[in-house]
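Colleague: Below you will find the structure I want to go over with you.
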Amino acid sequence: PTRVDVRRWWDMRTIDETRLREIYHAQGYYGKDLDDYVMWTKVYTDFPDLVARYKNGYIVESDVLSKLIEDGMPEDRAKELLETKIKKPYQEERVAETTKLTRSLIIKGAKENKLDRGQTLALLMRKNYEAWEAEYIYDIEVVGAASPESPLEFRQIVESYRRSQGLDYKEIPQDVIDAEKAFLSVSERLKAAYEKGLPQDEIDPLEVEKAEAGVDASVPEAKLTEAKEALKQLRLFYGKQSRRPAAE
């Protein structure tokens, strides 16, 4: 299993701590590294739920602190985490119009491609939005409004919504989405090249680019070596084709 798989298992409590330690140990973690990684897994999966329950009034701040300490965090570090991630009621009050204006400008910059995803999330979080809130705002107001370009972008919007509702969700790394978009883009360009009847020396580089994008976008890790070797042979083939003298 991947580390993401293990975190999801722990989050759903389908494995206990003994099994959690066994898996991480098998993945090469020992001693203090193992203890630290187990603690991090607990805090990483528990903290978003604790924050949501606290903000909705189901638990109080001391309950959050107790759970973090139970997960293995030193008390002083747990308190510091609360101070930086959970605001007191009077600190959580936002000046509505100012926040709305600033948020609108940030989203406008993202829609005009003046801000990338990372920059947009960072600016939203400086406006006191939690990371998951910023991601949800971006996925709905920027990606959704711009009409998603790939299946994974649609999936990202759905997963962001599920996360915002406290439901089980799957993380979709941005680099995976970018790889899929690159693959779809070159596939369209290659299709257009064939339809226009472009010469082979213009089509060959697109074939290679598509193969490269396909490796990045969809090949499982277990088959990556095999795919790269096939790509190498493809490059050699098209390289030889492009060096052949033109027919008389």
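As numbered in this note's numbering, residues 1 to 248 make up the sequence shown, in order. No residue lacks a Cβ here, since even glycine has one placed at the ideal position from N, Cα and C. These figures come from a predicted structure and were not determined experimentally.
Suppose you measure from the CA of valine 38 to the CA of lysine 181; what does that come to, to the nearest Å?
Modeller: Taking the straight line from one Cα to the other gives about 35 Å.
Colleague: May I have the straight-line CA-CA distance separating glutamate 195 from valine 176, to the nearest angstrom?
Modeller: Taking the straight line joining both Cα atoms gives about 29 Å.
Colleague: When we look at the beta-carbon of proline 220 and count the other beta-carbons within 10 Å, is it buried (16 or more) or exposed?
Modeller: Because proline 220 carries a pLDDT of 43, less than 50, the predicted location of this residue cannot be relied on, and the following value inherits that uncertainty. Exposed.
Colleague: How should aspartate 116 be labelled, buried or exposed, when 16 other C-beta atoms within 10 angstroms of its C-beta is the threshold for buried?
Modeller: By the neighbour-count rule (16 or more Cβ atoms within 10 Å), aspartate 116 is not buried but exposed.
Colleague: Could you give the distance in angstroms between the alpha-carbon of tyrosine 263 and the alpha-carbon of lysine 32?
Modeller: Since the first residue shown for the chain is 1 and the last is 248, residue 263 is missing from the structure and cannot be characterised.
Colleague: Compare the Cα-Cα distances from aspartate 36 to each of Glu112, Pro74 and Ala52 and report the closest residue.
Modeller: It is Pro74.
Colleague: Among Lys79, Trp132, Arg103 and Pro48, which residue has its Cα nearest to the Cα of serine 62?
Modeller: Serine 62 has its Cα closest to that of Lys79, out of Lys79, Trp132, Arg103 and Pro48.
Colleague: Any idea if arginine 13 is buried or exposed, counting beta-carbon neighbours within 10 angstroms, 16 or more meaning buried?
Modeller: Arginine 13 comes out exposed.
Colleague: Between arginine 162 and glutamate 130, what straight-line distance do the alpha-carbon atoms span, to the nearest angstrom?
Modeller: Taking the straight line from one Cα to the other gives about 15 Å.
Colleague: Please state whether DSSP places methionine 12 in a helix, a strand or coil.
Modeller: In the structure shown, methionine 12 sits in coil (DSSP, three-state: anything other than H, G, I, E or B).
Colleague: To the nearest angstrom, report how far apart valine 260 and threonine 102 are at their CA atoms.
Modeller: Nothing in the structure corresponds to residue 260, since the chain is present only between 1 and 248.
Colleague: Under the three-state reduction of DSSP, which class applies to proline 205: helix, strand or coil?
Modeller: Of the three classes helix, strand and coil, the one that applies to proline 205 here is helix, per DSSP.
Colleague: When burial is assigned at 16 or more other CB atoms within 10 Å of the CB, is lysine 170 buried or exposed?
Modeller: Exposed, because fewer than 16 other Cβ atoms sit within 10 Å of the Cβ of lysine 170.
Colleague: Under 7 Å between the Cβ atoms of alanine 254 and leucine 206?
Modeller: The question about residue 254 has no answer, for the chain in this structure spans 1 to 248.
Colleague: As a quick exercise: from Tyr58, Thr41 and His25, pick the residue whose alpha carbon is nearest that of arginine 8.
Modeller: Checked all of Tyr58, Thr41 and His25; the closest Cα to arginine 8 is Thr41.
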